[in-house]
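*Asks:* Dropping a structure here in structure tokens format, bear with me for questions.
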Amino acid sequence: MRAARKLPTRPVRSSLAADRAHFRSSDEVHEVPPDPKTSSSPRKESSVVERSDRCLLNDLDPSKLSSLICGHPAGRGTALLLQALRQQVTIAASCEYSRKALAWIIDNDVLQLKNRRNVRHLTWTTSLICALIRVLQADGVDSREQMARLINMLASFTSGRQYLLTHLRLVLNCVVPVLRGRRLPTTTQEQLLAMLQKFSVRHACQKELLLCGMLEWIVNFLEGRTTAYATEYACSL
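Numbered per this note's numbering, the sequence shown spans residues 1 to 237.
And the structure:
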């Protein structure tokens, strides 16, 4: 009977310890230089800061933007435009950028509140001149909600609130009939209530709200089922 054949084994190689004393200075390992593509320099950092503070809205044509909103008030594209417009202020990279974006919206009158033809429609009747009422009275649920969020955001800032209060009768003429006469989603209703509450700190707005019967409507509204957000702003209003 043959004995089992032994498999050849490889000799174990042991690493030799290097004598560091024999290294020359030129053989020493130096620090790897930084990658010029990824390394930061003062010049690059300054350019990034300048780029972040430059308002992107300055590249847009405000008249074309208003025309797109008015031309398709119920479209999903309008809802996305209004959302992007609001987020330029709310999620800006810096306070300076937010201030510039807010000033751009106000100065260029994206909501078309300064239209001279609006002067003819200061009564409590329906007008289809400004972008605000075109969107609020359209059948687009998403675009109406985004417009409500936009004007509530504007009312949260002093300059935005002053811009809307300058056209108080026109804004209330747009918002109040929609809030009272339409069955709105909870989010849209909350945003409009919050906007009116921020308006109500002015005596002139309080008088107009009483004249249009908002006090009776709020009493009936609070008797129903409401969210904590809506209840808070309705009670404050």
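Backbone N, C-alpha and C fix where the C-beta goes; we use that ideal spot for every residue, glycine too. Since we're looking at a predicted model, the values are computed, not measured.
What distance in whole Å lies between the Cβ atoms of Ile151 and Leu132, which are believed to be in contact at a cut-off of 8 Å?
*Replies:* Contact flag correct, Cβ pair sits at about 7 Å.
*Asks:* Given Phe157, which residues of its chain have a CB within under 7 Å of its CB, disregarding the five upstream and five downstream residues?
*Replies:* So the qualifying residues of the chain are Leu102.
*Asks:* With 16 other CB atoms within 10 Å as the buried threshold, where does Val171 fall?
*Replies:* Val171 should be labelled buried.
*Asks:* Assuming Pro177 is part of the alpha helix (DSSP H), what are its boundary residues?
*Replies:* First-last of the alpha helix (DSSP H) with Pro177: Leu168 to Gly181.
*Asks:* What are the start and end residues of each continuous alpha helix (DSSP H) run of 4 or more residues lying completely inside the stretch 133–161, in chain order?
*Replies:* List check, alpha helix (DSSP H) in window: 141–155.
*Asks:* Is the beta carbon of His72 sitting closer than 8 Å to the one on Leu113?
*Replies:* No, the pair does not count as a contact, with Cβ atoms beyond the cut-off.
*Asks:* For the stretch 57–89, list the alpha helix (DSSP H) runs that are entirely contained and at least 4 residues long, ordered along the chain.
*Replies:* Segments of the alpha helix (DSSP H) lying fully in the stretch 57–89: 62–71.
*Asks:* Could you pull out every residue in the same chain whose Cβ sits closer than 6 Å to the Cβ of Val178, ignoring the five residues on either side in sequence?
*Replies:* Same-chain partners within the cutoff: Leu136.
*Asks:* Do Gln162 and Leu82 count as a contact pair if the criterion is CB distance below 8 Å?
*Replies:* It is not a contact, given that the beta carbons lie outside the stated cut-off.
*Asks:* Between Asp59, Cys55 and Ser236, which lies nearest to Cys95 when the distance is taken from Cα to Cα?
*Replies:* Nearest option by C-alpha distance: Cys55.
*Asks:* Flag this pair as yes or no: are the beta carbons of Val110 and Ser66 separated by less than 8 Å?
*Replies:* Yes.
*Asks:* Tell me whether Asp53 sits in a helix, a strand or coil according to DSSP, three-state version.
*Replies:* Helix, per DSSP.
*Asks:* What is the rounded straight-line gap between the Cα of Gln92 and the Cα of Asp139?
*Replies:* Reading off the sequence, residue 92 comes out as Ala, not Gln. Rounded to whole angstroms, Ala92 to Asp139 spans 30 Å at the Cα level.
*Asks:* Can you tell me the Cα-Cα spacing of Ala148 and Cys70, whole angstroms?
*Replies:* In a straight line, the C-alpha of Ala148 is about 15 Å away from that of Cys70.
*Asks:* Is Ala239 near Lys198, with beta carbons less than 8 Å apart?
*Replies:* This structure does not reach residue 239, given that the chain is present from 1 up to 237, and the question cannot be answered.
*Asks:* Straight-line CA distance for Glu223 to Leu196?
*Replies:* Going by the C-alpha atoms only, they are around 19 Å apart.
*Asks:* Can you have a look at Cys174 and say buried or exposed, based on whether 16 or more other CB atoms are within 10 angstroms of its CB?
*Replies:* Its Cβ being crowded by 16 or more others within 10 Å, Cys174 is buried.
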